[in-house]
Amino acid sequence: MKMSILFSLCIFAFPGFSQGRVVGVDEAGFAECNEFFYGETPPEGFTESFHVKICQQYNKEPRFATLYSTEDKTPLYSAFKYTKAAQMGEESWLVEPQIDDPGNDLEEMVHEAVAVGSVNNLGANQALTTDYVDSGYERGQLNPSSLNEDDFQLATYTLTNAVPMTPFLSKSWHKDVEDIVEQALAPHCENGARLYLVAGAVPSSLRVKDKVSIPEFLWLAACCDAPEVWSVGFLKRPSGENSIEDLSVEELEKQLPSGAHLFKSNCGGGSQSQEKMEVILQTINQIQSEEPIVQTPAGRVGWHRNDQRAQEKPGEGSLLKRVAGIVAAPFTKLLRLVGYVLVEVVRYTCYFLWYVIKQLSNTAMGGLYSLWNGVMSYGKEISIVLVNIPRDVAKVAANIVMGFVRIFQNTLSLIYRILSVPIGLFLHIMVFPLDTLCAIPIVLKDIAAGVGGTCSLIVDATAAMMSGFYYIATHLGKKFVPKLSSDD
């Protein structure tokens, strides 16, 4: 029993699986949280510079989307899809570090006590748990935890999803929303499978502790993306009637800041089935006609129960109560302090145990992962070898056959070369006489050509010699004969 209580405290204290990612200005819409809007299109008209888009996540999965006002320290709306109604679990409220300190490396939502020492300017742009203490107001969820289950429910416990509500308003608002969604809306929209919800609050000038804006009124808009598309809106004011007012989405948009447009294409616009809407509105009227919640003079909530304090006479026992309150106040504060210290000790002990368990599990998982990889690699290699054995045997057999073929081919080539030597010599010998006899006419022709050439050369030489002698004789005769004639 003690171990189960300690484990529950650890789970309650440890927020390591929660994350509220602040969406960058360069990202379209609400990034991965666009799926919570009809047609993946967020509402229009909310464009102030102090509006921050948050993709609320849990266990690394998107759960709903929130538009947060850092000026009013409250959310303007939270958009979500109906999952399934469930019993409310343990509350574990968290804060978003990146709203106050954008450069902080804490990307996940944490408890306020954890953020105190690691987040700069904590509480400058968002509400804290201390802002609600002794204020008379509760942290009222826009996305009610009662309309969610499992991780979706746990993700709703963030201060970025809460606005100040009186205990009576919180009780009344969540009961009205839960009854209307479960009994009137979800049954007419494929059991809520395709029901898109946007719950919001319009800030007023009134502030809790001069910091957190008190809503002027609360509102809810529903859009069913079924074959018969329809939409409806609801409005609830903190004062006056206890009931919630139903109206069309177009009428609801007129009550919101100028330019507000909640659903893409007005969620079907004027094509809504009037019969469907009459059935839904009739169911809502039946819900509203049930016995309402009553508020006691002391501001508490009850269902027509008798309040003994209301029956006390004015001033009766007031002095005794004041004295008892003064005496008990220090002890009450001391008990609160001791309880807070015990919770912090348990929580940080859980942090340490979780860290040790995480490291041990990481080491064990790393070893198992390495072993598994080794086994898988060994099995893979063995499988490859077994699969390749027939192929390798076939390759070896083919190589052996090809070796024998090459040996036979080389043997035939060697025999051919050995036998080709005497056969060639024999052929040359046999051909020699024929070649010799065939060469005789050519030789005789060449000899005759040589003799003829020689005779021709001799004749030419003799003619040249005679021509030379004739030239000499003529030249001498011309030189000496005239002189002799002149002398005579």
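Residue numbers (mature numbering (1 follows the signal peptide of the UniProt record, and there is no 0)): -20 to -1, 1 to 468.
Each residue gets a CB set at the ideal place from its N, CA and C atoms; glycine is no exception.
CB-CB length for residue i against residue j, believed under 8 Å
{"i": "Ser150", "j": "Gly120", "result": "4 Å"}
{"i": "Phe16", "j": "Phe44", "result": "6 Å"}
{"i": "Pro23", "j": "Gly9", "result": "Incorrect: roughly 10 Å between the Cβ atoms, too far for contact."}
{"i": "Thr50", "j": "Ile79", "result": "6 Å"}
{"i": "Leu74", "j": "Leu139", "result": "7 Å"}
{"i": "Asn128", "j": "Pro55", "result": "Not confirmed; about 16 Å, so no contact."}
{"i": "Leu175", "j": "Cys169", "result": "4 Å"}
Spatial distance of residue i from residue j (CA atoms)
{"i": "Leu405", "j": "Phe412", "result": "11 Å"}
{"i": "Thr434", "j": "Leu399", "result": "51 Å"}
{"i": "Gln106", "j": "Leu122", "result": "16 Å"}
{"i": "Val96", "j": "Val90", "result": "10 Å"}
{"i": "Phe460", "j": "Thr442", "result": "27 Å"}
{"i": "Asp372", "j": "Ala378", "result": "10 Å"}
{"i": "Lys61", "j": "Pro82", "result": "28 Å"}
{"i": "Asn246", "j": "Gln252", "result": "10 Å"}
{"i": "Glu118", "j": "Val94", "result": "22 Å"}
{"i": "Ala173", "j": "Leu165", "result": "11 Å"}
{"i": "Pro421", "j": "Gly430", "result": "14 Å"}
{"i": "Gln339", "j": "Gly19", "result": "43 Å"}
{"i": "Asp28", "j": "Pro237", "result": "Looking at the sequence itself, residue 28 is Glu, so the reference to Asp does not match. Computed Cα separation, rounded: 11 Å."}
{"i": "Met382", "j": "Arg397", "result": "22 Å"}
{"i": "Pro370", "j": "Tyr358", "result": "20 Å"}
{"i": "His31", "j": "Tyr48", "result": "6 Å"}
{"i": "residue 469", "j": "Gly116", "result": "The question about residue 469 has no answer, for the chain in this structure spans -20 to 468."}
{"i": "Gly353", "j": "Ser341", "result": "In the sequence under discussion, the amino acid at residue 353 is Asn, which differs from the Gly named in the question. Their backbone Cα atoms lie some 18 Å apart in a straight line."}
{"i": "Leu186", "j": "Asp156", "result": "24 Å"}
{"i": "Leu227", "j": "Ile194", "result": "23 Å"}
{"i": "Val182", "j": "Trp153", "result": "15 Å"}
{"i": "Glu225", "j": "Gly180", "result": "14 Å"}
{"i": "Tyr451", "j": "Leu414", "result": "56 Å"}
{"i": "Asp85", "j": "Phe332", "result": "20 Å"}
{"i": "Lys40", "j": "Val376", "result": "57 Å"}
{"i": "Ile264", "j": "Asn100", "result": "47 Å"}
{"i": "Met145", "j": "Tyr349", "result": "51 Å"}
{"i": "Leu163", "j": "Phe311", "result": "This sequence places Gln at residue 163; Leu is not what is there. Rounded to the nearest angstrom, the two C-alpha atoms are 47 Å apart."}
{"i": "Gly282", "j": "Ser223", "result": "Here Gly282 scores only 38 on pLDDT, less than 50, and its place in the model is too uncertain to base an answer on."}
{"i": "Val439", "j": "Met410", "result": "46 Å"}
{"i": "Leu407", "j": "Ile387", "result": "30 Å"}
{"i": "Thr391", "j": "Ala374", "result": "26 Å"}
{"i": "Asp159", "j": "Thr136", "result": "18 Å"}
{"i": "Thr276", "j": "Glu233", "result": "Because Thr276 sits at a pLDDT of 38, beneath the cut-off of 50, its placement in the model cannot be relied upon, and the following sentence gives the value as read from the coordinates. The alpha-carbon atoms of Thr276 and Glu233 are separated by roughly 34 Å."}
{"i": "Leu394", "j": "Ile380", "result": "21 Å"}
{"i": "Leu456", "j": "Leu437", "result": "29 Å"}
Secondary structure of residue i, DSSP reduced to three states
{"i": "Phe384", "result": "helix"}
{"i": "Val365", "result": "helix"}
{"i": "Ser253", "result": "coil"}
{"i": "Cys169", "result": "coil"}
{"i": "Gln36", "result": "strand"}
{"i": "Ser49", "result": "strand"}
{"i": "Gly97", "result": "coil"}
{"i": "Met356", "result": "helix"}
{"i": "Leu437", "result": "helix"}
{"i": "Pro22", "result": "coil"}
{"i": "His408", "result": "helix"}
{"i": "Glu225", "result": "strand"}
{"i": "Thr136", "result": "coil"}
{"i": "Ser152", "result": "helix"}
{"i": "Asp114", "result": "coil"}
{"i": "Glu162", "result": "helix"}
{"i": "Glu230", "result": "helix"}
{"i": "Gly457", "result": "helix"}
{"i": "Lys106", "result": "A small fix is needed here, since residue 106 is Gln in this sequence, not Lys. Gln106: coil per DSSP, three-state reduction."}
{"i": "Phe311", "result": "helix"}
{"i": "Leu127", "result": "helix"}
{"i": "Phe332", "result": "helix"}
{"i": "Phe(-14)", "result": "Any reading at Phe(-14) must be qualified, since the residue scores a pLDDT of 38, below 50, and its modelled position is unreliable; no value is offered."}
Those residues which DSSP pairs with residue i across a bridge
{"i": "Arg397", "result": "Its beta-bridge partners do not exist; DSSP assigns none."}
{"i": "Pro144", "result": "Arg119"}
{"i": "Phe44", "result": "Gln36"}
{"i": "Arg1", "result": "Cys35"}
{"i": "His241", "result": "Glu24"}
{"i": "Val90", "result": "Val75"}
Heavy atom of the ligand GDP within 7 Å of residue i beta-carbon
{"i": "Asn342", "result": "As presented, the structure is devoid of all ligands, the ligand GDP included, so that no description of it is given."}
- Query: Which runs of the alpha helix (DSSP H) spanning at least 4 residues fall entirely within the region 174 to 217, listed in chain order?
  - Reply: For the region 174 to 217, not a single whole alpha helix (DSSP H) run of length 4 or above is found.
- Every unbroken alpha helix (DSSP H) inside the region 51 to 82 [4 residues or more]: Taken in chain order, the whole alpha helix (DSSP H) runs of length 4 or more contained in the region 51 to 82 are 77 to 80.
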